[in-house]
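Q:
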Amino acid sequence: MRVLVVEDHATLAKRIAQGLSQAGMAVDAVHDGLAALDATAQTDYDVIVLDRDLPVVHGDRVCRSVAGSGPRVLMLTAAAGVDDRVDGLELGADDYLPKPFAFAELVARVRALARRAPSAPPVLHSGNLTVDRARHRASRGGVPLSLTRKEFGILEMLLAAGGAVVSAEKLLEHVWDAHADPFSNIVSVTMARLRRKLGDPPLIDTVVGKGYRM
Numbered sequence: 007m008r009v010l011v012v013e014d015h016a017t018l019a020k021r022i023a024q025g026l027s028q029a030g031m032a033v034d035a036v037h038d039g040l041a042a043l044d045a046t047a048q049t050d051y052d053v054i055v056l057d058r059d060l061p062v063v064h065g066d067r068v069c070r071s072v073a074g075s076g077p078r079v080l081m082l083t084a085a086a087g088v089d090d091r092v093d094g095l096e097l098g099a100d101d102y103l104p105k106p107f108a109f110a111e112l113v114a115r116v117r118a119l120a121r122r123a124p125s126a127p128p129v130l131h132s133g134n135l136t137v138d139r140a141r142h143r144a145s146r147g148g149v150p151l152s153l154t155r156k157e158f159g160i161l162e163m164l165l166a167a168g169g170a171v172v173s174a175e176k177l178l179e180h181v182w183d184a185h186a187d188p189f190s191n192i193v194s195v196t197m198a199r200l201r202r203k204l205g206d207p208p209l210i211d212t213v214v215g216k217g218y219r220m
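Here my numbering is used: the first residue of the sequence shown is 7, the next is one more, and so on.
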């Protein structure tokens, strides 16, 4: 796993990088937004640990530039208010961790982000189906779809897979939380509801023994 740490406080950046390295990750560290943009242009990172308040180029701009281009973004900030967290996520960040934080939590969040599928563009399309990931909206033929969080999550994952098969196990891992029963039929039941809402002609195929695909 390749991680980029972007933190203007050099001592903190060094500590984060060392800790992630000790956790078995390959880590680079830079201290301003311009250096971060240069680094991401040269290297394909799995995860970027990004401080929001950066010199030269602000962290918000860095986040907008890299969101959807491949790496997952874990945004760090001293501002812990709800509005700040919402702002960070709406910029395209995949996760948000306020300072100060427990290092074990940082490592766990980085690993969780790295396990996800590569980031997809903010808006996904398949025929007349449109899924706006940032605004959490979906429509088909210009008609808005009323989807639950789980239905939207399944649709998002299938579209992001670009036609590849996505297993029920992977859907369960990424769309449901840790309390979901892995032996239940919750994925197939939710899939059936999603298909009804999407209408005809059908958009989702079942690949027997393997999973689902758009």
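Even glycine gets a Cβ: it sits at the ideal position worked out from N, Cα and C.
Identify whether SER71 lies in helix, strand or coil by the three-state DSSP scheme.
A: The count along the sequence shown starts at 1 and reaches residue 71 at position 65. Residue state, collapsed to three classes: helix.
Q: Excluding the five sequence neighbours on either side, which residues of its own chain have a C-beta within less than 8 angstroms of the C-beta of ALA144, listed in chain order?
A: Translated into positions along the sequence shown, residue 144 becomes position 138. Taken in chain order, the residues that qualify are LEU135, THR136, VAL137, ASP138, PRO150, LEU151, LEU153, PHE158, LEU161.
Q: Using the Cα positions of ASP70 and ILE210, report the straight-line distance between them to the nearest angstrom.
A: Here the question's residue 70 lines up with position 64 in the sequence shown. Here the question's residue 210 lines up with position 204 in the sequence shown. The residue you asked about is not Asp; residue 70 is Arg in the sequence shown. Taking the straight line from one Cα to the other gives about 31 angstroms.
Q: Taking all protein chains shown into account, decide if VAL172 is buried (16 or more other Cβ within 10 angstroms of its Cβ) or exposed.
A: Numbered from 1 along the sequence shown, position 166 holds the residue referred to as residue 172. Label assigned to VAL172: buried.
Q: Within a Cβ cutoff of 8 angstroms, which residues of the same chain sit near ALA184, ignoring the five residues on either side of it in sequence?
A: Walking along the sequence shown from the start, residue 184 turns up at place 178. Here the model assigns ALA184 a pLDDT of 44, short of 50, so the residue's position is not dependable and the matter cannot be decided.
Q: Which parts of the segment 104–158 are runs of the beta strand (DSSP E), unbroken and 3 residues or longer, counting only runs that do not cross its ends?
A: Counting only runs of 3 or more, we get 129–132, 135–138, 143–146.
Q: Report the rounded CA-to-CA distance for LYS20 versus GLY76, giving the unit in angstroms.
A: If you number the sequence shown from 1, residue 20 lands on position 14. If you number the sequence shown from 1, residue 76 lands on position 70. Each residue's alpha carbon lies about 24 angstroms from the other.
Q: Would you mind reading off the limits of the alpha helix (DSSP H) that contains THR17?
A: Taking the first residue of the sequence shown as 1, we reach residue 17 at position 11. From DSSP, the alpha helix (DSSP H) with THR17 extends over 16–28.
Q: Compare the Cα-Cα distances from PRO188 to each of MET31, LEU178, THR46 and report the closest residue.
A: Translated into the one-based positions of the sequence shown, residue 188 becomes position 182. Per the Cα distances, LEU178.
Q: Going by DSSP in three states, VAL63 sits in which element: helix, strand or coil?
A: Along the sequence shown, one-based indexing puts residue 63 at 57. Coil at VAL63, not helix or strand.
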